[in-house]
Every structure is written in C-alpha cells, then in structure tokens.
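Residue numbers (the numbering used here), protein chains in the order written: chain A, 14 to 387; chain B, 517 to 866; chain C, 5 to 190. Where is the CB? At the ideal position from N, CA and C, for every residue including glycine. Remember, it's a predicted structure, so these values are computed and weren't measured experimentally.
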Amino acid sequence: MQVEAYAGEEMILNMGPQHPSTHGVLRLELETDGEIVKKVIPHIGYLHRCFEKHAEKIDYLGVIPFCDRMDYIASMNNSLGYALAIEKLLQLEVNQRVQTLRILMAELNRIASHLLSIGTYAMDIGSFTPFLHCFREREKVLDLFEWLCGARLLYNYNWVGGVSHDLPTGFIEKTREFLRQFEPVITEMDKLLSYNKIFIERTANVGIITEKQAFSHNVTGPNLRGSGIRWDLRKEEPYCGYETYNFEIPVGLGKFGSLGSCWDRYYVRVREMEQSIQLILQALDRLPEGDVQETVPKRIKPSKGEIYDRTETPRGELGYYVISDGGLIPFRVKVKSPCFTVLSILPSIAKGAMVADIIAIIGSIDIVMGEIDR
Amino acid sequence: MEYLRQVLLQKVAGFDQLPGSLQVFIPMLLGCLLCLGLVALFPLFAVWLERKVSAHMQDRLGPMRVGGWHGWAQTIADGVKLLLKEDIIPAEADRLLFKLAPIVVFVGGFAAFVVLPFSDQFIVSDLNIGVLYIIAISSLGVVGIIMAGWASNNKYALFGGMRAAAQIVSYEIPTMLAILTVVIPVGSLSMQDIVRAQSGGIFNWFIFQPVTFLAFWVFYIGTLAEVNRTPFDIPEAESELVAGYHTEYSGMRFAFFFLAEYANMFLVSAIGVTLFWGGWQGPTWLPGPIWFILKAMALVFVQMWLRWTLPRLRVDQLMYVSWKVLLPISFILVLAAGILALVTEGHLNE
Amino acid sequence: MKKAVEILEKIQKNFPDKIVKSNMEVCQPFVVIVPEAISEVCAFLKEDEAMAFDSLMCLSGVDYKGSKTEEERLEVVYHLFSVSQRHKFVLKVELVRETPVVPTVEGVWGIANWHEREAYDMFGIRFEGHSDLRRILCPDDWVDYPLRKDYVPPETYQGMPAAASKQFAELAQEGEELGTDPYRAG
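Structure follows, in structure tokens:
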C-alpha cells in the first residue's frame, strides 16, 4: 500500500490576525499534518493605511509624520530615509551637526528597536523575564527621546535639510550615563538567554535562510547578516557620514547548527546593539557646533526628476522611490520596506517545520506589520 | 484518622453514643473537608506568591494595592471577579464533557491529598498502598484535560489537549520509577512508613542517600512536566496556542483549572517532601505540619523560579527528554537501588 | 563595476530592437524596454557574468495620468542592483492604461512575486505567467485599483460606509449645526 493511502486529511489552522505571537496583524494560514506544517500562506493588508496615496496629496514636508508611522518601532530611521531622498532630489547639503545628530538618533533607535525585538522573541519562546529587562532599558531610551523632541515613539524628527529639535542641555551626559549602565545589561542578557541550552535547541537549525534564497527574495539587514553575508548599507553606501565612524558588522557564524538559523539572526541583533553603542559614543565625542535648521528650505519644490534612495534601518534596507513633477506635492512615493521582502520568504523556509517552529521563525525575522502594509 | 477520632471522643460530648460507622465516618469527612480547605486556599496564596516572585525577578513590584500590604488580597479580588463572570459555553461544544472536564481535573488532584502525611498523627487515610494510590489517582487529571480539549470544539484547544496528554503520560514513567527507588529500601508503599524510615536525624533523609539523591532530580523534573510548568508548559503555551486546552473556558470553570494547577503544584511538592526530604520531621521547636508545609513551599518556590527563568521546550524535545534521557536514567537508578538494598540487606539507616 | 552607458550598450547588443528609449543624463539612468521582452531582458541581466544583477531592489507601478509633463500611461519600474559588481540600473516598461499587461519576472527574482501582486492590487497591471496573481493589501473582494489617479473610493464596502466623511471644519463653513455627536457620518 502506498503511503498516500494512509495519509489523513490535513488540518487548516488559522493563526491570527489576532494572535499573541504574530507581531501585529498578520494572518497565517497553516496546513498542518499533526504538528508538522506542510504549507504556510501569509495574508497581509490588515494594517494598510494608504501611505502612498496620502503622499500624493500633501506637500513634501507633510509626508514625514506619515513615514514615522510605517515602522513605528524605528521611526527615526524611516524619516531619515525619506529626508535623505528628498535632499538628493533638491541637491541639498546639510551641515555636520545635523549629520551627527541624525546618526546619533538613528543608532539610539536601533538599540531600542533591537531591544524590543529580542524581548518579544524571548517571550515567544517562553522565557518571560528577558522581555521585562529589555523593556526596562528601552524605557530609558524612550525617555531620552521624549526629552529631545516630546514624543516617545513617533518623532517627526528628521526634516528635509535639518532636524526638528536641537539637543537640550544635559542630554549628552545623560546619554553617556545610559550607555555606561547599558553595556553590562547586554552581557547579562547573553548569560540569561543567548547560551541557554533550551533556547538554542528551539532556535538553532530552525528557519535556515540560504544565501541564494536571501538574494532572490531581497532579504536585507540582520536577516541577511544572520546567513553569514557581511552586507550593511552603512558601510557599502554610506550616508550621513557613516564612512568616518569606526564600527564592525556582526554576521552569523553558524556557531550552533547550520548557518542562517534563527539563533544566528537573533545573535546578530544582540551584537549590533554593542556596535551601536560604539557609534553613539563616537558621535557624542565629535558633535560639532551649528544650527540644526539653517538649511531647511521654506518651500520644497524639487525640479522634475525621480530617485530611489535606500538606508539601513534596524530591520533591513528601506527604499524610497520618489517621483517629482516639479510641483509642491510629490507625484509618487513608493516605499520598499525590508519586512515586506523578508516575509515573502516565509513559505519557503517554513516547510517541514513544526507549529512551535513557525513562532520561532516569525520572531526571528522581526517583522512590523506597519511597515509591511504601509 | 484515628487521631481525629480520639480528639472528637474526648472533646465532643455525646460522640461516643453514635453508631460505630458514624464514629469512623465523621472524622474522615472532617479530614477531607480540611484537605478541601487547603486545596482551595493554597492556590489563593500561591498565585499571589507567584506574582510577587515573578515581579521581583523581572525587576518590578507586582501587586501592591489590593488589601493594603503588598496587595495580599489580589487573588481574592481575582477570584471574586472570576465568580461573577458570564458562563460562556461555545455553541458547538459538547456540553456535558465541557462542564465535566474541570471537575475531573480538580478531583484528580484533590483526591491525592488524603494520603499526605502532614504529621505523625495527621493523615486523613494512612493507606498501606499510599504511593500506588497517588500514582493512580493523579493520572485522572489527564482524562480531564483531554475532555477539555475535545469538548471545546476548537482546534487550538484540541492541539493543547493532545500535547498535554502525550506529555503527562510520558513523564509519569520516569517519575514512578524514581518513586520506586525510595520504596525499595523502605519496603512499604505506605506514606507514613516512608517518612518513618527517614527518622533519626537530617542525614537519614533520602535526599542525602546516594541513589535517591539522583532519583529526586528525576522525580522533580518529571513532576514539573506533570503539572505543566515551564519549561514543560507547551499545553498552555500562551504565545502559541492562545491558552491551549482551556482556551474556551471562562469564569468559574477557568478558575477550576487554575486552582487545579496550583493544587497540583503543592501536591507534587508535598509528595517530594514526603519521599525525599523527611516529610514532617524536623527540630521539635516547630510542630510537624509546619515543617511539612515549609518544605513543600520551598519546592514550590523553586518551581516558580524555574518558570520565570527558562524558555519552553518544543513538543518533540520534551518527548526526547522523557523517553531518551529520564527513562534510561531512572531504570539505572532502580537497578542501583535494588543492588544497594541487597548489599545492605535493608539496614540502610544503621 | 560597470557604468550605466556600458550596461546600456550590453543590452543594445543583445536586444537591439527591444529598447524604446533611454535616458543617461539623469542621476539614475534608465532604459525603457518593450513590455513583451522584459522577462528575457531581466533574465539576461541576472545570468550574464559581467552584469550579474542578482537583486531586485524594488518593482513599482506608476500612473502618469494627470501629469503635466508626461503622457498618460501606466509604468512598471524595476530597480536592479548587483551585489557582486556593485552597480545599479533602472528598467522601465510603459503600458497602455486600458489594458496593462506585462510578462512576470517572478522566475528571475523570487521577490517579484509579492511586488507584482502589489502592483496588480494598486494599479490593475496584469502580469502574465504569475503563479498567484491576487490582491495582497486590499481585501480580496475590493473593486477598482486604489493608487490610480482617477480612483474614486467606494461609498460602502459590504454594507459599511467607506467614503471619508467631511471634516468638521468643512461642515461648519458650510453652515451645518454641529452637535456633540462624534459618529455623524458625512
């Protein structure tokens, strides 16, 4: 008798859109045979807020708050990408203070974003305590941001030609203090979670992304670096002066199991936080004097043209394709979000995994639905 | 409950006029009611303790307001809230099984309390097959869990129920074999006999004997899995299956599952204390029951500690640990206990 | 790393009659390809060792209706990048607004699957040969294509009001009596 004759009917299990682990409103249709998943079909669009249509109705500067709301966990990086694209269209150069401030805020936000990613990932795997430790540290970063520009999560900070607020007095000392007490916390996290045998068993050898799959599906950011490929836009196509800073790019090494597993991606994020600390310290040391709004134009009216510009956000490569027709309002703004591309790889890497592994995989690719659906 | 019968004979006037069967039955009933009281009140305390323990491990405070001092009345408030909730039964659910499941789970745990030796005299029923009775009756809980998963008419609940059944049944075997390593030197299945075999000072407790020391760890890990605590809490894995087998339960029925889980935690800790940590024995400046409860609480605290530190195992890894790690170890331990008993010819504590 | 002119020459050599026009003067030079040939051109650009465009950075749809300077059409823009060679290029395809059809490049880059679904969802561009062409962001039974310039949002969707109601300031200027009921629609 053939095996197929004994195969029972597969069960269709629906995960989401309301589910504690899908990191937002993501609906996964799982076809399972017992515990093994045969097929995963992601359904997105539950958080679609028509960013691209809005961008065709408001002026260039008015689009920036909308940009923040796409990847709401790392908003500094979103508005940075857009501001850089428009500045390229206008052929506008900003001064050194603005560039340093932009890097400072982008890296602080990278730390906050990775803390959230690691904390929620630990919670998905079942370890509840690192979640609270990570959020305790993240609160300190958000307090710094609130002091700076009044907002905790959605800042409207990076404007075309400058930034919205200069540093208040005492900000630099407080940031240094935060970094001083944050470095040992990363080591504590390593001891509690990274090398915990149960955590390694759950995440190593799960969700392997090969190099070929990664390039074909345009996987970028820590997900790509977890597969051993040393590619970071901050080093390859530097912006804001990143080429003048000393930092390294951590990659996954396949320490436990195959290269490109969930553990590698998680570990890349932990080590990236350490590199961000180095970047922030260097930025604080070299902060030059200057007016942060001296190059902000009164009216933004780029000449006719188009540009595709990309930056490295905590989740990968965020691309803005802006078409200008010479008016005050953008003609077309298309956003290529990193989580969109990495979610498209889920059906191929989740074949043959168990239901618990699907949770581990989704947590490790660190998706934010706001960015996927825009 | 001979002790209680004597007390009633002396203190209550007219007790000796009751027919013989009632003279036996009433103390037994009182004893069971006392156990029921413990089973109902312990979870109240344990939930509060868990919230405080978890809070302090996570660098926060936990309940602080309800009742004044560190929120001691928090669980009472939660219990009242659960009592007042609407009783929702899903439309397509199997009504009888749905209502029966929490009761079966609860009874499976509660019925085992009657053979716990709280002190020299205070044991509701000193069965001479006490250990066998405990192992048998606590397996009843699995039936209740499967009933809950099936009757809910919900794929997630079914998943949870199946996982729980597989897990509990698998881990019972190493647990039982670990218990056997204690029974072999004692030569009796009665709980009081096992406690008495550890008398004569702290170093006679089985935890300090070579073979049973290792058996305790096997027992502890096995019972962690039996009560569905992390790292073995896959059946109720919040982030994966919403709430596992009790997804569809609300109000008092959910409270029953909750009560049953914490009562079970105390039960397995109490069994561990009886078998390995000398039961109610301790320096005489505190009475026996207090020592018993203190030791059991220490083991419960370690269970909570583990929950808030470790991630959870996946189902197949869980099965691997049970069948390929704990089971061979427990077989070897039983063999070692047998050889040791032969060699010392039952004179273990001399 | 090849210059844009060299890439253009290579394409001209291999696909001489498939190029509609090109523009090397702008900061991101582009080539407009005949729609039917886009799939072959993309496959060539990926396989060729000198070109090695192994990464599709972005695939966007654009609607040029209402533009003062461009003629009315739908366009699909492909932003290509080579990780090994570090050069970029832009391909464009111009489509008729009434019947926008273009072959899929799903076989060349896996990510094109989702990008093309989005272009279909937002603009109505049909990709021939696509394995699973259905809406991705809008609900499956949505009507019309939202990012087109002449898109009119529906009044209701499955019985629920869908059109944006007027802002209170507009209503006040039109002389409406505004009470404290926040759920007034329109």
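Cut-off 8 Å between Cβ atoms - residues of its own chain near residue i, not counting five sequence neighbours on either side
i, result
"M5 (chain C)", "Q89, R90, H91"
"S229 (chain A)", "none"
"L74 (chain A)", "W172, V173, I313"
"R121 (chain C)", "H134, D136, L137, R138, R139, I140"
"M28 (chain C)", "A8, V9, L12"
"S755 (chain B)", "With a pLDDT of only 47 at S755 (chain B), under the threshold of 50, the placement of this residue in the model should not be trusted; the figure read from the coordinates follows. Taken in chain order, the list of residues that qualify is empty."
"F195 (chain A)", "I124, E150, K153, I290"
"E201 (chain A)", "H146"
"V631 (chain B)", "I639, V640, S641, D642, L643, G646, Y649, I650, M707"
"E69 (chain A)", "I342, P343, F344, R345, V346"
"E261 (chain A)", "Q288"
"Q522 (chain B)", "none"
Cβ neighbours of residue i in the same chain (closer than 6 Å, five flanking residues each side left out)
i, result
"C62 (chain C)", "H83"
"S64 (chain C)", "V81"
"H388 (chain A)", "There is no way to answer for residue 388 (chain A), as the model of chain A reaches only from 14 to 387."
"Q533 (chain B)", "none"
"A786 (chain B)", "L632, A812"
"D72 (chain A)", "L341, I342"
Of the residues the options, the one placed nearest residue i, counting alpha carbons only
i, options, result
"R830 (chain B)", "A:I211, A:V38, A:S130", "A:I211"
"F822 (chain B)", "B:T790, B:Y736, B:G530", "Correcting the residue type first, residue 822 (chain B) is Leu in the shown sequence and not Phe. Comparing Cα positions, the closest option is B:Y736."
"K268 (chain A)", "A:D277, A:Y258, A:F260, A:I262", "A:D277"
"K615 (chain B)", "B:W824, B:V582, B:I662", "B:I662"
"T257 (chain A)", "A:R247, A:S240, A:L266", "A:R247"
"G657 (chain B)", "B:G584, B:P827, B:M781", "B:M781"
"G665 (chain B)", "B:I651, B:A681, B:V699", "B:A681"
"F148 (chain A)", "A:L272, A:L128, A:V38", "A:L128"
"N117 (chain C)", "A:E186, A:P343, A:A373, A:S361", "A:S361"
"V711 (chain B)", "B:I689, B:F634, B:V523", "B:F634"
"S86 (chain C)", "C:L95, C:F57, C:S169", "C:F57"
"T860 (chain B)", "B:V702, B:A814, B:A731", "B:V702"
"Y161 (chain C)", "C:S59, C:L95, C:D145", "C:D145"
Beta-carbon spacing of residue i, residue j below 8 Å
i, j, result
"A96 (chain A)", "V173 (chain A)", "yes"
"F774 (chain B)", "P559 (chain B)", "yes"
"V219 (chain A)", "A366 (chain A)", "yes"
"G265 (chain A)", "G234 (chain A)", "no"
"T142 (chain A)", "Y252 (chain A)", "no"
"S274 (chain A)", "A217 (chain A)", "yes"
"M83 (chain A)", "S357 (chain A)", "no"
Other residues of its chain near residue i: CB distance less than 7 Å, five sequence neighbours each side excluded
i, result
"I592 (chain B)", "L560"
"P150 (chain C)", "M126, C142"
"E224 (chain A)", "S240, I242"
"H61 (chain A)", "D386, R387"
"D81 (chain A)", "S88, N91, S92, L167, Y168, N169"
8 Å contact criterion, which residue i and residue j should meet: CB distance rounded
i, j, result
"L157 (chain A)", "L180 (chain A)", "About 10 Å separates the two Cβ atoms, so there is no contact after all."
"T188 (chain A)", "L297 (chain A)", "6 Å"
"K153 (chain C)", "K69 (chain C)", "4 Å"
"L145 (chain A)", "Q819 (chain B)", "Actually they do not touch by this definition, with Cβ atoms about 20 Å apart."
"G804 (chain B)", "T739 (chain B)", "Rounded, the Cβ-Cβ distance is 23 Å, inconsistent with contact."
"F748 (chain B)", "L834 (chain B)", "6 Å"
"E3 (chain C)", "V36 (chain C)", "Missing from the structure shown is residue 3 (chain C); chain C here goes from 5 to 190 and no further."
"R215 (chain A)", "P827 (chain B)", "6 Å"
"A47 (chain C)", "V105 (chain C)", "About 19 Å; that fails the 8 Å criterion."
C-beta neighbour in chain D for residue i, strict 8 Å
i, result
"P690 (chain B)", "The chain labelled as chain D is not found among the protein chains of the depicted structure, namely A, B and C."
Exercise. May I ask you to list, following chain order, the residues of the stretch 309-325 of chain A that have a beta carbon less than 9 Å from some beta carbon of chain C?
Key: K317, G318, E319, I320, Y321, R323
Quiz item: Which of the residues in the stretch 821-836 of chain B, read from start to end, lie with their CB under 9 Å from any CB of chain A?
Solution: R823, W824, T825, L826, P827, R828, L829, R830, V831, D832, Q833
Self-check item: Residues within the stretch 221-255 of chain A neighbouring chain C, beta-carbon criterion of under 8 Å
Solution: Q226, F228, S229, H230, N231, W244, E249: these are the residues of the stretch 221-255 of chain A whose beta carbon lies less than 8 Å from some beta carbon of chain C, given in chain order.
Exercise. Closer than 7 Å, Cβ to Cβ, to anything on chain A: give me those residues from the stretch 16-39 of chain C, in chain order.
Key: V30, C31, Q32
Quiz prompt | Interfacial residues, the stretch 25-42 of chain A to chain C, with Cβ spacing under 9 Å | solution = none
Quiz item: For the stretch 131-143 of chain C, which residues have a CB atom closer than 8 Å to at least one CB atom of chain A, in sequence order?
Solution: R139, I140, L141, C142, P143
Exercise. With 9 Å as the C-beta to C-beta threshold (strictly closer), list the residues of the stretch 61-75 of chain A near chain C in chain order.
Key: The stretch 61-75 of chain A vs chain C, Cβ under 9 Å: H61, C63, E65, K66, E69.
Self-check item: Residues of the stretch 356-385 of chain A whose Cβ lies closer than 8 Å to any Cβ of chain B, in chain order
Solution: M367, V368, A369, D370, I372
Quiz item: Got a sec: which bits of the stretch 47-69 of chain C sit with their beta carbon under 9 Å from any beta carbon on chain A, in order along the chain?
Solution: D58, S59, L60, M61, C62, L63, S64, G65, V66, D67, Y68
Quiz prompt | Members of the stretch 120-138 of chain A that neighbour chain C once the beta carbon cut-off is set at 8 Å | solution = Answer in chain order: no residues at all.
Practice problem: Select from the stretch 562-585 of chain B all residues with a C-beta closer than 8 Å to any C-beta belonging to chain A, and list them in chain order. | Solution: S570, M573, Q574, D575, R576
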